[in-house]
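Working notes, structure below.
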Amino acid sequence: MECRTAKVNISSAGGTAAKGSKTCKVTLPTKWVETMGINEERREVDLTFDGAAVTLSRRLSGPEFAERQLAREHQVRVLRLYDGDELCSTVYADFTQQAVVVENEPVSHVKTAFGNNLFPDWKDFQGFLVERCIPRQRAGLREYLEALGLDEYDPVSIIEKTGGRMAEDQQWLTIEVLK
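Numbering (this note's numbering), first residue to last: 243 to 421.
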């Protein structure tokens, strides 16, 4: 492992930032960036902060993410959101680690799984699943679940049975369990 000491460059933030806001940057060696597979076309990175250290890693594509998580023997599913016949979003969900990677097609953000949120977390994913199901508070929920052959309210199971179809739109989902 290579280690270096660096300084954080702190400057005034511009644009629509609040008065007194600061921007903080660290310059990385080009060799490190290239070795990580980061380039002009593929510049997205994941940053994690544990309160003491920041970790930077190249953002994986959905298939790369799924392959890595499957190698760790995690439970991974791929959800594909369609609007009519048009694929809008592909969501790679690791149910073991509770992590999500989304890849949107070039369609209106209104039609994608998470709208303008390109980096959803597990809570966002759970909210998305619930949005594609009958509301928990709906009268007659027990009868509805029985008609689907379900004993309890589980958004994934409901979507597997209904395709996540809702009366008010043309969107629907497929769920694939990866192995």
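Here a beta-carbon is modelled for each residue, glycine too, at the ideal position from N, C-alpha and C.
Small disclaimer: the values here were computed from a predicted structure and weren't measured.
- DSSP places Thr290 within a strand segment (E or B) once states are collapsed to three.
- Membership of Gln412 in any alpha helix (DSSP H) is not indicated, and neither H nor E is assigned to it by DSSP.
- Scanning the segment 310 to 390 from its first residue to its last, the whole beta strand (DSSP E) runs of 3-plus residues come out as 318 to 325, 328 to 336 and 341 to 346.
- Counting of Cβ neighbours within 10 angstroms places Val343 among the buried residues, the total reaching 16 or more.
- In the DSSP assignment, Lys264 falls within the unbroken beta strand (DSSP E) covering Lys264 to Lys267.
- Closest by C-alpha distance to Arg374, out of Phe361, Ser399, Phe337 and Gln311, is Ser399.
- DSSP, reduced to helix, strand and coil, places Thr277 within a helical segment of the structure shown.
- In its chain, beyond the 5 residues on either side, Val318 and Asp336 have a beta carbon closer than 6 Å to the beta carbon of Gln311.
- At the C-beta level, Ser299 and Asp288 come within 8 Å of one another.
- Looking from the CA of Met408, the closest CA among Leu383, Pro377, Ile417 and Ala248 belongs to Pro377.
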